[in-house]
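Engineer: Take the sequence shown: its letters are residues 414 to 530, numbered as in the numbering used here. Just so it is clear, CB atoms sit at the ideal spot from N, CA and C, and this is done for glycine as well. The structure that follows is given in the form of structure tokens.
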Amino acid sequence: LVAQAFVYGESLKASCVGILVPDPEVLPGWARNNLNLEGTMEELCRNKKVEEAILQEVATLGKKNGLYSFEQVKDIRLHHELFSLENGLLTPTFKSKRNALRAKFQPQIQEMYDKLV
414 LVAQAFVYGE SLKASCVGIL VPDPEVLPGW ARNNLNLEGT MEELCRNKKV EEAILQEVAT
474 LGKKNGLYSF EQVKDIRLHH ELFSLENGLL TPTFKSKRNA LRAKFQPQIQ EMYDKLV
């Protein structure tokens, strides 16, 4: 269901937040079967019902695999485009460029932390 994830935690905050990129081959069918929703990848990623359902799936999987509460993301935003070399979010060895990811998604990160207060 999730192709890529950027989990971010601030040292002065009690929880982590995440930017998740759903798998473009899985999301449309999953949304249709589980939420009775249709749309493009971008439309589905903007849909709050999809976001909430994926957050629930991630939380359930985390609990099942023994993650502590502070290790779990408390809020997420979905992004429709895979992180890549072309968009500057991956290194040539396909590692996440954390500084670039943080800079690109700073408004969403701030919004999530503001919501969690």
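(1) Which parts of the segment 451-501 are runs of the alpha helix (DSSP H), unbroken and 4 residues or longer, counting only runs that do not cross its ends?
(2) Would you kindly check if the distance between the Cβ of Ala416 and the Cβ of Pro435 is under 9 Å?
(3) Taking Leu491 and Val463 to be in contact with their CB atoms under 8 Å, please state how far apart those CB atoms are, rounded to whole angstroms.
(4) What do you reckon, are the CB atoms on Tyr526 and Lys461 nearer than 9 Å?
(5) I need the DSSP call for Pro505, collapsed to helix, strand or coil.
Structural biologist: So, to answer that:
(1) As far as the segment 451-501 is concerned, its whole alpha helix (DSSP H) runs of at least 4 residues are 454-459, 461-477.
(2) Within the sequence shown, residue 435 is the residue found at index 22, counting from 1. Within the sequence shown, residue 416 is the residue found at index 3, counting from 1. Contact: yes.
(3) Residue numbering aside, residue 491 sits at position 78 when the sequence shown is read from its first letter. Residue numbering aside, residue 463 sits at position 50 when the sequence shown is read from its first letter. Indeed they touch by this definition, with Cβ atoms about 7 Å apart.
(4) Sequence index remark: in the sequence shown, residue 526 carries index 113 (1-based). Sequence index remark: in the sequence shown, residue 461 carries index 48 (1-based). No. Outside cutoff.
(5) On the sequence shown, residue 505 is found 92 positions in, with the first residue counted as 1. Of the three classes helix, strand and coil, the one that applies to Pro505 here is coil, per DSSP.
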